[in-house]
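What follows is a single structure, written as structure tokens, with notes after it.
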DNA sequence: TTCAATACGGATAAATTTATCCCTGTAGTT
DNA sequence: AACTACAGGGATAAATTTATCCGTATTGAA
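Protein chains in written order, with my numbering: chain A, 1 to 133; chain B, 1001 to 1133.
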């Protein structure tokens, strides 16, 4: 049981949204759920780079934060279906725009993220570009 | 000099945008710069919860990723001004929408982030709500 | 009877991000 | 002469997030 030590910022809308959607896979989860991919196993297949564990954690956080909810069917083997709450639905237009922005600028972004003007592998504050690594 | 060990995801637009804007203060920095707060000292005053150090790091990353650029005036004491690139400008409508969404739902969000259905201080996967801590 | 499919989560290690503290250098002000 | 404002960054510690590994339980199929 991890106990948080630093205070959570909640001054403005930007603070608040960061708290609820800035997990590694949260926007992906919201996106796929909005597309009708509702079961945990399916979500996992759609996000193969993520481990099952972290998806569970982030789904739980999205649920606790009120962006998604789930139906647990009382049967064996277990069956669970996630869906967006009204609050979750209300954020989807923005998340879709984020995805479109990323797609639209993907060529540039891939370039700078990977082997941009400096090597992203270094946490780098070097002012010498292109030669950091 | 930190060397990254896990691969950076870059499959889709959502991956890409996460890489460039999901730092703790990046959306705040973009917002204030878009509002004409251009000098490092001013940015710092507008984001007092952040340390000078991390703002420098994230400004550098935004710069390396091509969302902001800066003018360094050759004078003493030093003077630097940041501004949005075209790419940076193109993302501002979405960041503004994020902030508005957070503001609009701030009552709910503050509640669930702080003392929501579970206590956020615990990294919590407990199914027992409201009593975790 | 052994195995796959289903969903969930404990325990711990590793990776990454952020915080803390301190130092550089110059021009102007008190 | 000492002090301030200015922008930047090194070194390291702390905090947080994510990865890895393993175990629970039930039903139906091979």
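Don't be surprised by glycine CBs; every beta carbon is placed ideally from N, CA and C.
Keep in mind the model is a prediction, meaning the values are calculated, not measured.
- The C-alpha of residue 1069/B lies about 11 Å from the C-alpha of residue 1030/B.
- Residues of chain A whose Cβ lies closer than 7 Å to the Cβ of residue 1094/B are, in chain order, 94, 97, 98, 101.
- Straight-line spacing of the CA atoms in residue 82/A and residue 1024/B works out to 28 Å.
- Per the coordinates, the alpha-carbon of residue 45/A lies some 10 Å from the alpha-carbon of residue 51/A.
- Residue state for residue 82/A is assigned as strand, using DSSP reduced to three classes.
- Of the candidates 107/A, 76/A, 66/A, 98/A, the residue whose Cα lies closest to the Cα of residue 88/A is 66/A.
- Counting only the Cα atoms, residue 1077/B lies some 21 Å from residue 1033/B.
- Under the three-state reduction of DSSP, residue 1002/B is assigned to coil, being neither helix nor strand.
- The residue from 1007/B, 1085/B, 1074/B, 1053/B with its alpha-carbon nearest to that of residue 1064/B is 1085/B.
- Taking all protein chains shown into account, residue 1018/B has 16 or more neighbouring C-beta atoms within 10 Å of its C-beta and is therefore buried.
- Residues are counted here when their Cβ sits less than 7 Å from a Cβ of chain B; for the stretch 53-86 of chain A these are 57, 60, 64, 65, 66, given in chain order.
- DSSP places residue 45/A in the uninterrupted alpha helix (DSSP H) bounded by 40-46.
- Residues 73 of the same chain have their beta carbon placed closer than 6 Å to that of residue 79/A, with the five preceding and five following residues left out of the count.
- A straight line joining the alpha-carbon of residue 59/A with that of residue 91/A spans about 16 Å.
- Using a Cβ distance threshold of 7 Å, residue 1027/B and residue 1021/B count as a contacting pair.
- Close CB contacts of residue 1095/B within its chain, under the 7 Å cut and outside five residues either way in sequence, are with 1027, 1030, 1031 (chain order).
- Here residue 109/A is near residue 1016/B, since their CB atoms are less than 7 Å apart.
- Going by C-alpha positions, residue 99/A is about 10 Å away from residue 105/A.
- Flagged as an interface residue toward chain A: residue 1010/B, by a C-beta distance shorter than 7 Å.
- In the three-state DSSP reduction, residue 1024/B falls in the coil class, being neither helix nor strand.
- At least 7 Å separates the CB of residue 1107/B from every CB of chain A.
- Per the C-alpha coordinates, the member of 56/A, 10/A, 35/A positioned closest to residue 1107/B is 10/A.
- In this structure, residue 13/A sits near residue 1102/B, with a CB-CB distance shorter than 7 Å.
- Between the alpha carbons of residue 2/A and residue 1111/B lies a gap of roughly 20 Å.
- Exposed is the label assigned to residue 75/A, since fewer than 16 other Cβ atoms lie within 10 Å of its Cβ.
- The criterion of a C-beta distance shorter than 7 Å is not satisfied by residue 8/A and residue 1047/B.
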